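To start, the structure under review is shown below, and the notes come after it.
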Amino acid sequence: MTEIKKIDGMVAPVERFVLHWGDLGSAWGVNRSIAQIHALLLASAEPLHAEAISDALSIARSNVSNSLKTLLEWGLVRRSPVKGDRRDHFEAIDDMWATAARIVDVRKSREIDPAKEILTNCLNDAENDPAVSGKAIKRLQELQTLVALLDNWYAQMKDIPPETLIPLLRMGTKIIDLIKPFIKTAPSSAISEVSLDQSRRPSDER
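Sequence positions in the sequence shown follow the working numbering and run 6 to 211.
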């Protein structure tokens with residue numbers, strides 16, 4: 006188990022949080038050291054320099070430097086000058102909404118966007134391959150449409166300011182009751198009829 010030195014008098018809680026955040030990051034395909042450093046900065050009341058981070062997490066100084074560079078590029082941490090100390094100090098972005106949004110953006114760019122591109126290429130190849138069944142093509146089309154709809158929804162939602170979106174989230178399923186009079190319920194199979202690419206032709210005739 007990684008040993009975490011005393012931080013804000015919360016040795017055990019901080020240790021559990023850092024280790025869990027590291028495990029979570031690893032599960033998401035993020036380097037464990039990057040996730041642990043981010044967690045440590047989130048739990049720290051004061052900015053930390055690289056040497057302190059290295060000592061606290063028992064991580065090599067070079068690894069800390071590379072991890073901090075990545076976190077800076079992702080916008081999850083920032084430099085925070087400390088009077089009387091020439092070393093670079095770092096602190097986590099303290100806006101949790103912005104932090105969550107940036108994490109989602111990173112995951113989307115690393116996972117969803119490449120998957121979209123691969124799916125599009127696979128579908129294009131399938132539609133031009135007589136050996137691929139119409140049923141397989143139909144399912145790929147529905148999957149592509151679903152991914153495109155969700156991607157478009159996310160693109161719109163991320164631009165809504167938190168002060169507007171948070172109340173909507175707190176409403177939960179109540180929002181459905183409000184908009185129900187304005188929407189028409191359709192069976193799940195109707196997704197195949199909704200396409201963001203109007204130029205694509207159905208291939209069920211194969």
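For glycine and all other residues, C-beta sits at the position ideal for the given N, C-alpha and C. Owing to the predicted nature of the structure, the values given are computational and were not obtained by experimental measurement.
Nearest-angstrom Cβ-Cβ length linking residue i and residue j, presumed shorter than 8 angstroms
| i | j | result |
| --- | --- | --- |
| I106 | K163 | The sequence shown places Ala at residue 106, rather than the Ile named in the question. Yes, they are in contact, since the Cβ atoms of A106 and K163 sit about 6 angstroms apart, within 8 angstroms. |
| V23 | A48 | 7 angstroms |
| L46 | E96 | 6 angstroms |
| L154 | A131 | Between A131 and L154 the Cβ distance is about 20 angstroms, and since that is not below 8 angstroms, they are no contact. |
| I181 | L173 | About 11 angstroms separates the two Cβ atoms, so there is no contact after all. |
Reference residue i, options the options, closest by Cα
| i | options | result |
| --- | --- | --- |
| D60 | T75, E132, Q41 | Q41 |
| G80 | R66, W102, D90, V152 | W102 |
| D252 | I184, M176, Q149, L170 | There is simply no residue 252 to check, as the chain begins at 6 and stops at 211 in what is shown. |
| S85 | N133, E78, H54 | H54 |
| K143 | A160, I98, L183, L128 | L128 |
| I108 | K185, G30, A141 | G30 |
| D100 | P166, V35, N126 | P166 |
| L124 | A136, S138, E147 | E147 |
| E51 | W26, N36, H25, I98 | I98 |
Residue i and residue j closer than 7 angstroms at C-beta
| i | j | result |
| --- | --- | --- |
| S38 | I64 | yes |
| H43 | L76 | yes |
| K121 | V82 | no |
Sheet register partners of residue i (DSSP bridge)
| i | result |
| --- | --- |
| E96 | R83 |
| L53 | F95 |
| D90 | V87 |
Are there three or more Cβ pairs, one per stretch, closer than 8 angstroms when the segment 88-96 is compared with the segment 113-127?
-> no
Cβ pair count under 8 angstroms reaching 3, the segment 45-59 against the segment 67-82 = yes
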